[in-house]
Structures are given as C-alpha cells and as structure tokens.
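Undergrad: Chains as they are written, first to last, in the numbering used here: chain A, 44 to 156; chain B, 4 to 116.
#1: May I ask you to report which of helix, strand or coil DSSP gives residue 45 of chain B?
#2: Nearest CA to the CA of residue 115 of chain B: which residue from B/109, B/90, B/47?
#3: Bridge partners for residue 29 of chain B per DSSP, in chain order?
#4: Which of the residues in the stretch 78-97 of chain A, read from start to end, lie with their CB under 9 angstroms from any CB of chain B?
#5: Any beta-carbon of chain B closer than 9 angstroms to the one on residue 116 of chain A?
#6: Just by C-beta distance, which residues in the stretch 61-75 of chain B are closer than 7 angstroms to chain A?
#7: So residue 154 of chain A and residue 58 of chain A are supposed to be a Cβ contact under 8 angstroms. How far apart are they, rounded?
#8: Can you pull the DSSP bridge partners for residue 104 of chain B?
#9: What does residue 84 of chain B pair with, by DSSP beta-bridge criteria?
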C-alpha cells in the first residue's frame, strides 16, 4: 500500500526551464509535507517543507504548491540549473507519529545545459 | 552541523551470514530510523527508535532487527542475509517532536551473494 504516490519517475529539463514534480497522498491525517533532495553518493537532505494550513511556500527557486482538497502537492523548480540534477523525494507525516515519514517513489531530475 | 555516520559505504556478504550495519549521530536526537532505498520504490522504513532501548517496526521489518543501547547509536541487524536484501541502507536521525526534519547518513550499499 503506497500512501504517497510520486510522478514522474524521471524528468529531463533544459537549463532555465521549470521542473515540476507531483505527489498525491491518501491519509487526510498527514500534517507535514517535506521534499528531500539526494545527490549521487549522498543521503537525502531536506529541501523545503509545508504544513496544510498554507497553499504555497517559496524558498528561492523552489516552491511547494499544496492542494488540500485534492490531496496533492507539488514541487516547482524555477530557472532549473544543471546543479539541480538529483533525485527528489516527497514525503508526508502525521503529528503523533514521532516524525516518521512516508516517502514517495522518487523522481530523478536531469537538467541539460 | 548535524552528522550521521554509517560504518561502511560498501559491504558484500554471503547468503546466510549475520550482518550488522551501524549508525551514529552526534546531535543528541531522540529518534533514529533505518530505511532501505530501491529504484522505483523510494525509501521504505524498516525500523525506527524513539528512545534508548525503544523500537518500533516500520513498513518492511521482516528479516531485520535493530538495537539501540545508547542514544547516539542505532544498529540494523540482518539475522540471515538473503539476496533480496541487496539494497542501499540509509540511517537517519531527528528530534521528532515539533521539528520533523530527518538527517541522513551517506548510506551503505549492501550486496548479498
């Protein structure tokens, strides 16, 4: 049972373009939605996160859009750069689960120069 | 700067061997986690611990056990390694109360032959 579904599995974007990765969740009790970024040979690292009381959060070129009614959230990377090439994971968590995260399947992003 | 270290980057073991994967964190975090990462499946939680000597099963605990004798150290044990346990294993730690961010180690690539 996959509680968080992520798409696409892979994405190729030209430098300067917009990268969009989507996630859908099932459990309405989730209250924390982070995105993690993983470079080859490294562990994932928190990129940006949102709670369901807001519809959008922006940090630099990275934006999370959140649609509570549709149970979907997405990551937008504006002005994508080759250095953004990495694997991205969305995740979700419930407030009483001790920070336990449910991860999506991952998206391998390649930004071409 | 939070640091999570894992005892080995690469490990090759034979079927039936007992395997120990060690993880140490230096931030006095309450929570520690073990995940396995497989292409197309994302990160799946094996076990987590919210206090010394306390542990809870994750989504895929079969064939694994864990030990947490000290707060900073969390070990994953494969009692009798099998080829379907060939994977990347990631350890993470986190505060787990108001801050759900998890900090990951670099991973151990385990191959069981």
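Note that the Cβ used here is the ideal one computed from N, Cα and C, for glycine as well.
TA: In short:
#1: Strand, per DSSP.
#2: Considering only alpha carbons, the answer is B/90.
#3: Beta-bridge partners of residue 29 of chain B (DSSP): none assigned.
#4: If the cut-off is 9 angstroms between Cβ atoms, the stretch 78-97 of chain A has 79, 81, 84, 85, 86, 87, 88, 89, 92 near chain B.
#5: False, the Cβ-Cβ gap to chain B never drops below 9 angstroms.
#6: Result list empty, no residue passes.
#7: Confirmed, Cβ separation roughly 6 angstroms.
#8: Residue pairing by DSSP places residue 104 of chain B in no beta bridge whatsoever.
#9: DSSP lists no partner for residue 84 of chain B.
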